[in-house]
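Written out below as structure tokens is the structure these notes cover.
Numbering (my numbering), first residue to last: 21 to 151.
What follows is the structure, given as structure tokens:
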């Protein structure tokens, strides 16, 4: 009888070994599950970061468009003001030129006579001394 030489505590050792093996398997299963949860959390975080970047980029683009529109409006308002100022200055200048031309027509012949007289009738004067 070969079974007679089995020690009486051997069956309980085998039972404990089976329990340890089942416990180890349970721990391994729990570790795999934890790894899955961690991986899902990482993927979720990565997705949230990408979504946040995308949303931030959209907001930046909207802000840029808004500021560009404000600038265009500002430029349009102020450049039209410059145009008005240029037109007003041109009108003033034209009026002054016409005034000067009118004065020249009135007294132009008198000025020409005075210039001719000064050139044709010299009146020499001695130079003044430097004091």
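Cβ coordinates follow ideal geometry from the N, Cα and C atoms, glycine included.
Remember, predicted model here, so these are calculated numbers, not experimental data.
- request: Note down the Cα distance separating residue 54 from residue 79, rounded to an integer number of angstroms.
  value: 37 Å
field: residue 106 versus residue 121: straight-line alpha-carbon distance, rounded
entry: 22 Å
message: Suppose the cutoff is 6 Å on Cβ atoms and the five residues either side in sequence are ignored; what does the same chain contact list for residue 127 look like?
response: none
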